[in-house]
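These protein sequence lines map, in sequence, to chains A and B. Going by our numbering, the residue at position 145 of the first sequence is 198; the numbering climbs one at a time, nothing skipped. Going by our numbering, the residue at position 76 of the second sequence is 77; the numbering climbs one at a time, nothing skipped. Here the structure is laid out as structure tokens; the discussion comes afterwards.
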Amino acid sequence: MQLKEIYRHYQAARDEKILLSFMGIVTQQLMVEYGKIINEQEGLSQNSRYLLFSVFVELTQNILRYSDDQLSPPPDGARGIGIVIVTESDKSFYVNSGNHVSAQRAVQLEKTLAELSAMNADELKQVHKERRRQGPPEGSQGAGLGLIEVSRRASAPPLFELRQTSEGRTFFSLSVVVHKH
Amino acid sequence: MLSLDIAATEVTPRVWFDPASSCLTIEGESYPENVSEFYDSVFAWLNQALTDLTELKVNFYYAYLNTSSTKAVLDLLQTLDDVHRSGSAKVNVLWRYRAQIEVMRETGEELGEDFDLPFELEAVK
């Protein structure tokens with residue numbers, strides 16, 4: 054990297070009001086440390102801070118567990134590669150994540166997120182209840198509740214993109230907004 | 002034999018049993034990387050304890066609960082609910098939450114609705 058690029062990156066990050074961002078190997082420990090930055094944010098209600106923290110944890114743990122670029126398989130300790138960027142505007146925070154996913158997971162994500170984004174709060178509550186009763190779907194390392202809960206905690210339906218890359222892989226981008234009040 | 006006291010960490014709650022009040026308390030954060038690894042020891046204790054106890058109070062007071070921990074709580078409540086239904090022990094659940102965190106009250110309400118056992122909510126100011 055050229056030296057002048059460092060300032061360009063710094064400037065771009067400041068202009069975008071990036072609260073935190075990290076790219077590369079994502080670990081649980083890293084998430085815990087960055088989570089503290091979120092929990093120290095002011096200018097939002099305690100409930101909103103909880104919502105923001107919870108969206109941050111879910112999106113980051115999704116990279117740990119489901120990124121297609123895994124450095125060591127669970128349960129020894131998941132280490133997935135991805136990017137997390139949290140930005141701020143006057144009224145909201147945005148938690149953005151990106152990582153490669155397997156073709157199989159891409160199909161699941163597309164279907165699940167398309168369904169969830171069309172639901173209102175009551176429908177999301179109902180589908181959460183059904184999932185609690187049914188238990189996790191095959192291939193889930195958690196409760197299968199993650200994206201449902203993220204959708205419920207978001208202030209607007211999450212935006213997502215599954216992009217085919219020139220390397221013939223699929224890159225999953227997700228953006229979730231949480232209002233400050 | 003029934004003693005239990007698991008210290009809290011940054012990402013796991015303190016879990017302890019008070020024999021005098023027959024009360025199991027789970028209090029703190031819950032978002033470990035491997036949820037079942039942590040909760041397995043709680044289940045092991047619970048299954049053992051339930052062979053002896055005729056009464057058990059369970060207090061939950063989570064500061065934060067991620068979705069895979071929610072699954073563990075569901076499993077705990079299912080075990081307790083089975084005991085309640087069978088009548089082998091009297092079970093009471095108390096879900097405490099910080100009053101300002103509405104989403105924690107909501108989580109408690111919804112979990113309570115999923116089961117038959119006595120389930121109370123308490124806002125902590």
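Here a beta-carbon is modelled for each residue, glycine too, at the ideal position from N, C-alpha and C.
Contact between ARG97 (chain B) and GLU123 (chain B) holds, since their C-beta atoms are separated by about 5 Å, short of 8 Å. The CB of GLN114 (chain A) comes closer than 9 Å to the CB of TYR32, GLU34, ASN67, THR68, SER69 in chain B, given here in chain order. At a cut-off of 8 Å between beta carbons, GLN79 (chain B) makes no contact with chain A. Within the segment 151 to 213 of chain A, complete beta strand (DSSP E) segments of at least 3 residues are not found at all. In this structure, B:ASN48 is the residue among B:VAL12, B:LYS126, B:ASN48 with its C-alpha nearest to the C-alpha of GLN79 (chain B). Taking a C-beta distance under 8 Å as the contact criterion, TYR103 (chain A) and VAL36 (chain B) do not qualify as a contact pair. With respect to PRO210 (chain A), GLY197 (chain A) sits apart: the two C-beta atoms are not nearer than 8 Å.
Close to VAL12 (chain B), with beta-carbon spacing below 8 Å, are these residues of chain A in chain order: GLN81, VAL85.
DSSP places ALA124 (chain B) within a strand segment (E or B) once states are collapsed to three. Taking CB atoms only, PHE106 (chain A) has a neighbour in chain B less than 8 Å away. Annotation: THR165 (chain A) to ARG205 (chain A) spans about 14 Å, alpha carbon to alpha carbon.
Only those residues of the segment 92 to 103 of chain B whose C-beta falls short of 8 Å from the nearest C-beta of chain A are listed: ARG99, GLN101, ILE102, GLU103.
CA-to-CA, the gap between LEU5 (chain B) and LYS72 (chain B) works out to about 22 Å. Listed along the chain, the chain B residues whose CB falls inside 9 Å of the CB of LYS182 (chain A) are GLU111, GLU114, ASP115.
Between LEU215 (chain A) and SER228 (chain A) the beta-carbon gap is near 13 Å, outside 8 Å, which marks them as no contact. Closest in alpha carbon position to VAL92 (chain B), among B:TRP46, B:SER23, B:THR13, is B:SER23. From the beta-carbon of GLN99 (chain A), the residues of chain B found nearer than 8 Å are ARG99, GLN101, ILE102.
As the crow flies, the alpha-carbon of ALA174 (chain A) is around 29 Å from that of GLY135 (chain A). GLU168 (chain A) and HIS181 (chain A) have their C-alpha atoms some 13 Å from each other.
If you draw a straight line from the Cα of ARG132 (chain A) to the Cα of ALA90 (chain B), it comes to about 43 Å. In this structure PHE75 (chain A) does not touch ILE91 (chain A) by the C-beta definition: roughly 13 Å separates them, more than the 8 Å allowed. Excluding the 5 residues flanking it on each side, ALA66 (chain A) has same chain C-beta neighbours closer than 8 Å at SER74, in chain order. SER170 (chain A) is not a Cβ neighbour of ASN115 (chain A), given a cutoff of 8 Å.
Listed along chain B is no residue with a C-beta nearer than 7 Å to that of PRO211 (chain A); the closest approach is about 15 Å.
From the listed residues B:PHE44, B:ASP53, B:LEU81, B:THR68, the smallest Cα separation to GLY199 (chain A) is found for B:THR68.
Excluding its 5 nearest sequence neighbours in each direction, PRO33 (chain B) has C-beta neighbours in its own chain below 7 Å: VAL12, THR13, PHE39, listed in chain order. DSSP places LEU5 (chain B) outside any alpha helix (DSSP H), giving it a letter other than H or E.
Taking a 10 Å sphere around the C-beta of GLN157 (chain A), we find fewer than 16 other C-beta atoms and assign the residue as exposed.
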